[in-house]
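S.K.:
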Amino acid sequence: MQPLPHQYQATTYGTARGNFATTLRNDCTLEVAAPLNFDGPGNTWTPEEMLLGAVANCLALTFRSIARAAGLDWLEIQCTSEGVLDKVDKRVLFTRISTLAQLTIAAGEDREKAEKLLRKAEENCFVSNSLSSEKQFTADVQVSQA
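Letter by letter, the sequence shown follows residues 692 to 837 of the working numbering.
What follows is the structure, given as structure tokens:
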């Protein structure tokens, strides 16, 4: 990892009608629109889903780094983040984000160690740490029978 601080940038462009395009510095472009709940088309990424995806991705990538450093032999991870958007004091915001991390480890690995590393990843996820909403985290560790 390069020394901190790091800088990131995303640019969104759109017109009065149609979807928007969000482009990163490397020219990777993502089509974005409002969700169905806000009269959007329902067939593209939304800012709400991008935020939840950022939480899930940050957790999974942080876990990968921590597990590698700890020498944990793991096979797969699936992180699912769900958020509740609500109105509080005349402001619409995410009031709660719940994340479920489902991890499969190799036979013979220590389930307790794996869960501890998942919790450490959750504590060190900088995207989640940057959010003020209530956060809930659940770890589900399975040992592969193969």
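Built from N, CA and C at the ideal position, the CB exists for glycine as well.
How would you call V779, buried or exposed, if buried means at least 16 neighbouring beta carbons within 10 angstroms?
M.R.: For the purposes of this step, residue 779 is taken as residue 88 along the sequence shown, with counting starting at 1. The residue in question, V779, is exposed, as its Cβ has fewer than 16 Cβ neighbours within 10 Å.
S.K.: Leaving out five residues before and five after T795 in sequence, what residues of the same chain have Cβ atoms less than 6 Å from its Cβ?
M.R.: The residue you call residue 795 lines up with position 104 of the sequence shown. The residues are L766, E767, Q833 and S835.
S.K.: On the DSSP bridge list, what partners appear for E773?
M.R.: Translated into the one-based positions of the sequence shown, residue 773 becomes position 82. Answer by DSSP bridge pairing, in chain order: S789.
S.K.: From this set, K811, A701 and P696, which residue's C-alpha is nearest A761's C-alpha?
M.R.: The residue given as residue 761 occupies position 70 in the sequence shown. If we check each option's Cα against that of A761, K811 comes out closest.
S.K.: Among the candidates D718, G705, L776 and T702, whose CA atom is the shortest distance from the CA of E740?
M.R.: The residue you call residue 740 lines up with position 49 of the sequence shown. For E740, the nearest C-alpha among the options comes from L776.
S.K.: Rounded to whole angstroms, what's the CA-CA distance from T702 to T713? Just pull it up for me.
M.R.: Counting from 1 along the sequence shown, the entry for residue 702 is found at position 11. Counting from 1 along the sequence shown, the entry for residue 713 is found at position 22. Roughly 5 Å separates the two Cα atoms.
S.K.: In the DSSP assignment, find the beta strand (DSSP E) that holds L727 and state where it starts and stops.
M.R.: By one-based count along the sequence shown, residue 727 stands at place 36. Here L727 belongs to no beta strand (DSSP E), and DSSP marks it neither H nor E.
S.K.: With a CB to CB cut of under 6 Å and the five nearest residues on each side skipped, what residues in its chain are close to Y704?
M.R.: Taking the first residue of the sequence shown as 1, we reach residue 704 at position 13. Taken in chain order, the residues that qualify are A712.
S.K.: Mind checking whether D764 and A792 have CB atoms under 8 Å apart?
M.R.: The residue labelled residue 764 in the question sits at position 73 within the sequence shown. The residue labelled residue 792 in the question sits at position 101 within the sequence shown. Going by C-beta atoms, D764 is not nearer than 8 Å to A792.
S.K.: Kindly give me the distance between the Cβ atoms of L809 and G774, rounded to whole angstroms, as I take these residues to be in contact under 8 Å.
M.R.: In the sequence shown, counting from the first residue as 1, residue 809 sits at position 118. In the sequence shown, counting from the first residue as 1, residue 774 sits at position 83. Contact between L809 and G774 does not hold, since their C-beta atoms are separated by about 20 Å, which reaches or exceeds 8 Å.
S.K.: Return the first residue and the last residue of the alpha helix (DSSP H) that T753 is part of.
M.R.: One-based indexing of the sequence shown puts residue 753 at position 62. Residue range P738 to A761 is occupied by the alpha helix (DSSP H) that includes T753.
S.K.: With distances taken from CA atoms, which of N728, T829, D718 and Q698 is nearest E813?
M.R.: Numbered from 1 along the sequence shown, position 122 holds the residue referred to as residue 813. Comparing Cα positions, the closest option is T829.
S.K.: Within 10 angstroms of the Cβ of T720, are there 16 or more other Cβ atoms? Answer buried if so, exposed if not.
M.R.: Taking the first residue of the sequence shown as 1, we reach residue 720 at position 29. Exposed, by the Cβ-count rule.
S.K.: Going by Cα to Cα distance, which pick from K826, D730, R759 and T706 is closest to R787?
M.R.: Taking the sequence shown and counting its residues from 1, the one referred to as residue 787 is at position 96. Residue K826 is the option with its Cα nearest to R787.
S.K.: Are T735 and A724 touching if we call contact CB-CB under 8 Å?
M.R.: In the sequence shown, the residue the question calls residue 735 occupies position 44. In the sequence shown, the residue the question calls residue 724 occupies position 33. Closer than 8 Å, so yes.
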